[in-house]
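Student:
Residue numbers (this note's numbering): 33 to 158.
(1) Please return the same chain residues whose Cβ sits closer than 7 Å to the Cβ of residue 164, not counting the five positions on each side in sequence.
(2) Locate the beta strand (DSSP E) running through residue 69, then write down its first and last residues.
(3) How is the beta strand (DSSP E) around residue 44 delimited, first residue to last?
(4) Name the DSSP beta bridge partners of residue 83, please?
(5) Does DSSP classify residue 34 as helix, strand or coil?
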């Protein structure tokens with residue numbers, strides 16, 4: 033799975049906050065041909081796990097997990113920044129910015145969560 037596909041999968045589950053990568057041994061494989069499944073997990077809800085993929089024999093699992101964890105942290109940073117900006121934009125103080133003629137003062141809107149996620153996906157494609 034490439035970074036773009038990974039971000040697209042995360043955007044489908046925006047109500048969850050995935051923050052960990054876990055590895056599970058597949059029980060249906062022979063001992064000499066062990067395979068593992070990679071999941072991302074929302075630590076606040078242990079049952080909230082999203083399957084990412086199955087590892088291949090000879091693959092460096094730690095390196096793969098580190099890569100997904102790094103992508104997950106990058107996604108969460110952008111998501112947190114965008115959510116904070118959206119909350120600030122919609123705060124009562126922000127909404128009540130009126131000039132002396134009781135017209136709203138134009139405030140440059142901040143990027144939404146979706147546009148931030150789209151930007152993150154576009155950066156992943158580069």
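C-beta: ideal position from N, C-alpha, C; glycine also.
Tutor: Quick look at the numbers:
(1) No statement about residue 164 is possible, as the shown extent of the chain runs from 33 to 158 and does not include it.
(2) Where residue 69 is concerned, the enclosing beta strand (DSSP E) stretches over 68 to 74.
(3) No beta strand (DSSP E) holds residue 44; DSSP gives it neither H nor E.
(4) Bridge pairing for residue 83: 71 [DSSP].
(5) Here residue 34 carries a coil assignment [DSSP, helix/strand/coil].
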